[in-house]
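One structure is given below, encoded as structure tokens.
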Amino acid sequence: MADALELALRLVLVLGAFLVLPLLVGQTEHKVMAHMQSRVGPMYAGGFHGWAQLIADGVKFAQKEDVVPAAADGAVFRLAPAVAMVPYLVVLVAIPIGPGLVGQELDIGLFFVLAVMGVGVLGTLMAGWASANKYSLLGGMRVAAQLMAYELPFVLAAVSPAMAARTLSLSGIVEAWEPWWLIWQLPGLVVFFVAGLAELQRPPFDMPVADSELVFGPYTEYTGLRFALFLLAEYAGIVVLAALTTVLFLGGWQGPFADQLGWLWSLTKIGVVALLVVWLRVAVPRLRADQLQRLAWQALVPIALFQLALTSAVGVWNG
Amino acid sequence: MSVVGLLFLLMGAMAVGSALLVVTTARLVHSALWLVVTLGALAGCYLLLGAEFVAWVQILIYVGAVVVLLLFALMLTRAPTGVQTGLTTGNRVVAAATAGVVGLVLVTVVVAGFGGARVSVDEESVGSATSMGDAIFRHWVLPFEVLSVLLLAALVGAIVLSRGRASSGEETP
Amino acid sequence: MPTAAAASIFPRLTRMDGYYGSYVPVLAIIVVGAVLVTAMFLGNRLLRPSRPSPEKQLTYESGVDPVGTGWAQIHLRYYVFAYLYVVFAVDAVFLFPWATVYAGLGWVTVGEMGVFIGIIAVGLVYAWRKGVLAWT
Amino acid sequence: MSSWGSGLIRGLRVTWQNLARRSVTAQYPDAPPELPPRSRGVIALFEENCTVCMLCARECPCWCIYIDSHKEAVPPVEEGARERSTNVLDRFAIDYSLCMYCGICIEACPFDALEWSPEFEYAELDIRDLTHEKDRLREWMWTVPAPPGLDPAAAEPKEIATAQKAAEKAAAASQGQAAEETRDDGGGS
Chain D
76 MADALELALR LVLVLGAFLV LPLLVGQTEH KVMAHMQSRV GPMYAGGFHG WAQLIADGVK
136 FAQKEDVVPA AADGAVFRLA PAVAMVPYLV VLVAIPIGPG LVGQELDIGL FFVLAVMGVG
196 VLGTLMAGWA SANKYSLLGG MRVAAQLMAY ELPFVLAAVS PAMAARTLSL SGIVEAWEPW
256 WLIWQLPGLV VFFVAGLAEL QRPPFDMPVA DSELVFGPYT EYTGLRFALF LLAEYAGIVV
316 LAALTTVLFL GGWQGPFADQ LGWLWSLTKI GVVALLVVWL RVAVPRLRAD QLQRLAWQAL
376 VPIALFQLAL TSAVGVWNG
Chain Y
34 MSVVGLLFLL MGAMAVGSAL LVVTTARLVH SALWLVVTLG ALAGCYLLLG AEFVAWVQIL
94 IYVGAVVVLL LFALMLTRAP TGVQTGLTTG NRVVAAATAG VVGLVLVTVV VAGFGGARVS
154 VDEESVGSAT SMGDAIFRHW VLPFEVLSVL LLAALVGAIV LSRGRASSGE ETP
Chain W
115 MPTAAAASIF PRLTRMDGYY GSYVPVLAII VVGAVLVTAM FLGNRLLRPS RPSPEKQLTY
175 ESGVDPVGTG WAQIHLRYYV FAYLYVVFAV DAVFLFPWAT VYAGLGWVTV GEMGVFIGII
235 AVGLVYAWRK GVLAWT
Chain E
4 MSSWGSGLIR GLRVTWQNLA RRSVTAQYPD APPELPPRSR GVIALFEENC TVCMLCAREC
64 PCWCIYIDSH KEAVPPVEEG ARERSTNVLD RFAIDYSLCM YCGICIEACP FDALEWSPEF
124 EYAELDIRDL THEKDRLREW MWTVPAPPGL DPAAAEPKEI ATAQKAAEKA AAASQGQAAE
184 ETRDDGGGS
């Protein structure tokens, strides 16, 4: 009974994080992006600086009609948002934010996280195909092409901290972390973060949803709640990427008073990385398809391989 | 029957059922998506058998890479969105018989090879990444290196084929 | 656990027992995800209006009547990248078990992995020399 | 590649500076906007000036001006003269759902019956309410600002210059005459 209760508590915490953190990131993006562009962003919903804008959006989305195009493949079209969103929820269960504060510690945590994150892209592909819309199909195509460019450096860069910590357990990696990792794991950190951005289709890698060319890429035909789920998936993806970057490269809960304030350190670091994601969206223009492939195969993969060589040398040296 | 056994049966049934749908559905992309379910259920089976690492490899490589590649290939070809009638030929019976025989051979081989083997799953994860690494890098280094040659051959072959003519190709690995 | 304080606030929040126990929450969260999505869709069905019309369900093509089917064919431009990706993904998978054991096994294992990656890298060099990595 | 990197840094720096700076967005519904002079908000009608010459309606590219009128007889000014007729405006309406705010009607009006008003908050829920009849158009007249003063550095308006010249000429003439008179006087003495 106690076990079941504890399990329920953990699940509620994970679910709460999944529902709240993406909203926080979204609201931050509203305001930070606006101010970075010398605007003020939403100001009305909720009174103080539009803090309730996303809640209002959610209420609106929930009430909007769900239009399924006549030409679309109905079942796949309806299922796609769920396939895009649920993997990020599942990933969150394995990410530790404090010592012992984790949905479920898995021995193979890192690999689990990478594998499940890869599933999410299927939802976007399904949306792209099932919409029976030219924009959507082109967007889906670009998603797949982008995935092919970035999944590899993403995975390669993720191996590096696991090698340094000699474990695939995410908590284990955080516990083995030392501040000097920030220096010698820096190439891996950069590759991981950039490839992760591309995986999430965040600007500057938002070619699949490039609004000036493809309307909204694979999500063009979506309305109402299903559209909202895709957006939620995107922001949950930012949270997951930020959390993974934190756990793998930035030392997770490590910091002064880690025993008491570990979770606060984690959340702070996650917030900073998420802010960087938003910042990059404002500052960097979209990359072209060929630039994307070139960056991946001629910069990120070699850097990641170099990082692996460096890490293995240091690891063996230290015995 | 234990919960694990029950779950295993469920996963197995899912794998077989969705595999049947893969070959019977008339829409190409649907069959690729049912393949996702099949492979996912298979990963579940691996997981229940204690092969933790292999299960997630199954998800990462097959669901995340191969199926995406497959969908990508389907999108690139002339596959229409609608139902394709020309996919099913009259050789149903022969095909079923062939599949049955191949399945039988496989089951026989596996049973003959590992029929009596028992692995205790619950005490220590036998299929964890560490034990896999130990096994590969202590005992099975040569097959591991040979695998790289196989992958190289696949890569070179794919490049040669796709340079020859713009073919949509099959999966290499 | 070196972190007694947090562990006392959230007792036994770290792991359930055994191999299967550790996957119970994973299974549970998948179920929770499915329930969440189902609940969202059901709630949405209760809240939303439904007034379909042929115009509304027309495929969106920037306001113009759609031309042909929603199927656009695309040049097989980056298909080789797809091959490269799958081959290297298979390759990368072996790095994970290796990462947990390489330090104990020493330079020989690093060399083995180097040979493994090197042989596949020959394929990358081949692709490069053949010019398939260049954008046409 | 290096230029790409430097651009990235510069972009990050500029956006960060923007973030630190206070945004100057005008909070429109809370704070009234500062409209530039000659803002094109709505077209006002000064009915008394209108002679129903129909120039505005004819010049309008959108055909959004509707004018109805009838003729009325005006009693002759002098006894026995012919009776005159004059146009009386019955309806003057502008359909703002068609209007494209080009202002040609205002330029075309020879009698300054049409003016730009800076008022812009006249959105309606029903598109038919966007057709403003003449009484509504007359209302807008009260919001028309006084014409802006001349630029201090500007050349003098033609009218003033002409008048000035004429006055100077007249003054010069009168002075010349006066001088002549004095001379005459002197010669006379």
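Those protein sequences? They're chains D, Y, W and E, same order as listed. For the first sequence, this note's numbering begins at 76 and goes up steadily by one. For the second sequence, this note's numbering begins at 34 and goes up steadily by one. For the third sequence, this note's numbering begins at 115 and goes up steadily by one. For the fourth sequence, this note's numbering begins at 4 and goes up steadily by one. In this text, a Cβ means the ideal position worked out from N, Cα and C, and glycines have one as well. Small disclaimer: the values here were computed from a predicted structure and weren't measured.
Task: DSSP bridge partner residues for residue 92 of chain E (one or two, in chain order) - done: Residue pairing for residue 92 of chain E: DSSP places it in a beta bridge opposite E:72.
Open item on the list: Quick check on the burial criterion: 16 or more other C-beta atoms within 10 angstroms. Buried or exposed for residue 92 of chain D?
Closed with: buried
- [ ] Figure out for me which residue from D:102, D:289, D:331 and D:103 has the closest Cα to the Cα of residue 253 of chain D.
- [x] Closest option to residue 253 of chain D, Cα to Cα, is D:331.
Open item on the list: Taking a contact to mean a Cβ-Cβ separation below 8 angstroms, would you say residue 219 of chain D touches residue 104 of chain Y in this structure?
Closed with: yes
TODO: Pick helix, strand or coil for residue 126 of chain W, following the three-state DSSP scheme.
DONE: With a pLDDT of only 39 at residue 126 of chain W, under 50, the local geometry of the prediction cannot be trusted, and the value read off the model is given with reservation. If DSSP states are grouped into helix, strand and coil, residue 126 of chain W belongs with coil.
- [ ] Answer with yes or no whether the minimum CB distance from residue 42 of chain E to chain D is below 8 angstroms.
- [x] no
Task: Chain-ordered residues of the segment 162-188 of chain Y with a beta carbon less than 7 angstroms from chain W - done: 162, 163, 165, 166, 167, 169, 170, 174, 177, 178, 181, 182, 184, 185, 187 and 188
Task: CA-to-CA distance, residue 367 of chain D to residue 283 of chain D, given in whole angstroms - done: Between residue 283 of chain D and residue 367 of chain D, the C-alpha separation is close to 12 angstroms.
TODO: Mark residue 103 of chain E as exposed unless 16 or more other C-beta atoms lie within 10 angstroms of its C-beta, in which case mark it buried.
DONE: Flag for residue 103 of chain E reads exposed.
TODO: For my contact list, residue 187 of chain D and residue 302 of chain D are in at a C-beta cut-off of 8 angstroms; report their separation, rounded to the angstrom.
DONE: Between residue 302 of chain D and residue 187 of chain D the Cβ distance is about 29 angstroms, and since that is not below 8 angstroms, they are no contact.
Open item on the list: Under 8 angstroms, CB to CB, which of the residues in the segment 168-179 of chain W have a partner in chain D?
Closed with: 168, 170, 171, 172, 173, 174, 175 and 176
Open item on the list: Between residue 205 of chain Y and chain W, is the shortest Cβ-Cβ distance under 8 angstroms, so that the two count as touching?
Closed with: Bear in mind that a pLDDT of 39 at residue 205 of chain Y, under 50, signals an unreliable position, so the model cannot answer this.
Task: Helix, strand or coil at residue 120 of chain E [DSSP, three-state] - done: strand
Task: Status (buried if at least 16 other CB within 10 Å, exposed otherwise) for residue 209 of chain D - done: It counts as buried.
Task: the segment 199-225 of chain W: positions lying closer than 8 angstroms to chain Y by Cβ - done: 199, 200, 201, 203, 204, 205, 207, 208, 210, 211, 212, 213, 214, 215, 216, 219 and 223
Open item on the list: So for residue 123 of chain Y, helix, strand or coil by DSSP?
Closed with: DSSP places residue 123 of chain Y outside both helix and strand once states are collapsed to three, so it counts as coil.
Task: Spatially closest choice to residue 196 of chain D from D:184, D:162 and D:170, by CA coordinates - done: D:162
- [ ] Using three-state DSSP, classify residue 173 of chain D as helix, strand or coil.
- [x] strand
- [ ] Indicate whether at least one CB of chain W lies closer than 8 angstroms to the CB of residue 318 of chain D.
- [x] no
Task: Nearest candidate by alpha-carbon position, reference residue 74 of chain E, set E:65, E:81 and E:92 - done: E:92
Task: Cα-Cα separation between residue 359 of chain D and residue 141 of chain E, rounded to whole angstroms - done: 52 angstroms
Open item on the list: Can you tell me whether residue 31 of chain E is buried or exposed? The criterion is at least 16 other CB atoms within 10 Å of its CB, across all chains shown.
Closed with: exposed
Open item on the list: Here's the rule: buried if 16 or more other CB atoms are within 10 angstroms of the residue's CB, otherwise exposed. What is residue 76 of chain E?
Closed with: exposed
Task: Interface partners of residue 232 of chain W on chain D, CB under 7 angstroms - done: The premise fails here: residue 232 of chain W is roughly 10 angstroms from chain D at the closest Cβ pair, so nothing lies under 7 angstroms.
- [ ] Note down, in chain order, each residue of its chain lying with its Cβ closer than 7 angstroms to the Cβ of residue 51 of chain Y, except the 5 sequence neighbours on either side.
- [x] 67, 70, 71 and 74
- [ ] Under 7 angstroms between beta-carbons, which chain Y residues line up against residue 237 of chain W? List them in chain order, please.
- [x] 185, 188 and 189
Open item on the list: Closer than 8 angstroms is the cut-off here; do at least three beta carbon pairs connect the segment 131-151 of chain W with the segment 161-181 of chain D?
Closed with: In this structure the segment 131-151 of chain W lies against the segment 161-181 of chain D, because at least three pairs of beta carbons, one per stretch, are closer than 8 angstroms.
Open item on the list: Which residues in chain E have a C-beta closer than 7 angstroms to the C-beta of residue 111 of chain D? List them in chain order.
Closed with: Near residue 111 of chain D (Cβ distances below 7 angstroms), the residues of chain E are 18, 21 and 22.
Task: Same chain, Cβ closer than 7 angstroms to residue 247 of chain D, five either side skipped, listed in chain order - done: 240
- [ ] Starting from residue 126 of chain E, follow the alpha helix (DSSP H) in both directions and report where the run begins and ends.
- [x] It is not in any alpha helix (DSSP H) - residue 126 of chain E carries neither H nor E in the DSSP assignment.
- [ ] Could you tell me how far apart the beta carbons of residue 138 of chain E and residue 52 of chain E are, in whole angstroms, since I believe they sit closer than 8 angstroms?
- [x] Going by Cβ atoms, the distance from residue 138 of chain E to residue 52 of chain E rounds to 16 angstroms, so no, they are not a contact pair.
Open item on the list: If the criterion is Cβ atoms closer than 8 angstroms, does the pair residue 97 of chain Y and residue 193 of chain D meet it?
Closed with: yes
- [ ] For the alpha helix (DSSP H) containing residue 308 of chain D, list its first residue and its last residue.
- [x] According to the DSSP assignment, residue 308 of chain D belongs to the alpha helix (DSSP H) that extends over 299-324.
Open item on the list: What does the Cβ neighbour count give for residue 134 of chain D, buried or exposed, with the cut at 16 atoms within 10 Å?
Closed with: exposed
Open item on the list: Taking 8 angstroms as the threshold (C-beta atoms), are residue 95 of chain E and residue 44 of chain E in contact?
Closed with: Residue 44 of chain E is not a Cβ neighbour of residue 95 of chain E, given a cutoff of 8 angstroms.
Task: Collapsed DSSP secondary structure at residue 202 of chain D in the structure displayed - done: Note: residue 202 of chain D maps to helix in three-state DSSP.
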